[in-house]
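Take a look at the structure set out below.
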Amino acid sequence: MTPAADRARWLLAGAALLALAYFLLLHWWWTAPMLAMGDEIAKLRDEHLALRMEIAQRPALERELARVREFEAGNAGFLPETNRQLATAALVQRLESVVGAASPQPGRCQITARTPSDARTDEPFVRASVQVRLRCGMAELGAVLHALESGSPQLFVDNVDLLARRSYLGTGQEDGALDASFDLYGYLLATPEAPRD
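In numbering that gives the first Met the number 0, the protein residues as written are 0 to 196.
Here it is, written out as structure tokens:
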């Protein structure tokens, strides 16, 4: 073997030994953790940048939130009362005034039952609800339902059930009265939560 080939073989063996020593001693104990740490640093830097961008948006978001709260405070669609019991009492008073205004003749439209309902719902606003039963003529009932749903604050009528009332004497003549039952409800404006710092 020539000295140049022998020398090349020793250099190749030395390079292989250095590469093996690097992978066994240095790469797994030093380089790989440093590369992983570099990836973690890059990830944390990206998260930090994203958080700084969100923090920079905070004044604009607070202005928008204040605008929305101001709009909601002046929104005539919500019941003005502060709790469910007061709102339920106001619903009953409004129902009584609407029924009184819809019937030109006393006794033509009567409230036969009104029961506060405490049905819990998964809604963002507090609901005040009353189960109502009326005995009215068709025209009066239409006027009552229209007045309830078209006024302000906004009220909703749900679960309407109508039954025709026939004469008890069996004459076959209908007196035009209907037994109507329905749920009347409205929403209270929820108390806004204090902003978190």
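Don't be surprised by glycine CBs; every beta carbon is placed ideally from N, CA and C.
(message) So the candidates are 86, 163 and 40; which of them puts its Cα closest to the Cα of residue 116?
(response) The residue with the shortest Cα to Cα distance from residue 116 is 86.
(request) Whole angstroms is fine: what's the gap from residue 185's alpha carbon to residue 77's? (result) Looking at the two C-alpha atoms, the distance is approximately 7 Å.
(message) Can you tell me whether residue 181 is helix, strand or coil according to DSSP?
(response) Here residue 181 sits in strand by DSSP.
(message) On the criterion of 16 or more Cβ atoms from any shown chain inside 10 Å, does residue 102 qualify as buried, or is it exposed?
(response) Per the 10 Å Cβ criterion, buried.
(message) For residue 96, tell me which candidate among 147, 178, 158 and 21 has the shortest Cα-Cα distance.
(response) For residue 96, the closest alpha carbon among the candidates 147, 178, 158 and 21 is that of 147.
(message) Can you check which of these residues, 177, 114, 133 and 94, is closest to residue 152 by C-alpha distance?
(response) Closest by alpha carbon: 94.
(request) State yes or no: is the C-beta of residue 156 within less than 8 Å of the C-beta of residue 140? (result) No. Outside cutoff.
(message) I believe residue 129 touches residue 91 by the beta-carbon criterion, under 8 Å. Please report the beta-carbon distance rounded to the nearest angstrom.
(response) Yes, they are in contact, since the Cβ atoms of residue 129 and residue 91 sit about 6 Å apart, within 8 Å.
(request) Would you identify the three-state DSSP class for residue 155, choosing helix, strand or coil? (result) In this structure, residue 155 counts as strand in the three-state DSSP scheme.
(message) If I follow the unbroken alpha helix (DSSP H) through residue 87, where does it start and stop?
(response) DSSP places residue 87 in the uninterrupted alpha helix (DSSP H) bounded by 83-101.
(request) Go ahead and pull the three-state DSSP assignment for residue 56. (result) Helix at residue 56.
(message) Checking 8 Å against the spacing of the C-beta atoms, do residue 188 and residue 71 come in under that value?
(response) Taking 8 Å as the Cβ cut-off, residue 188 and residue 71 qualify as a contacting pair.
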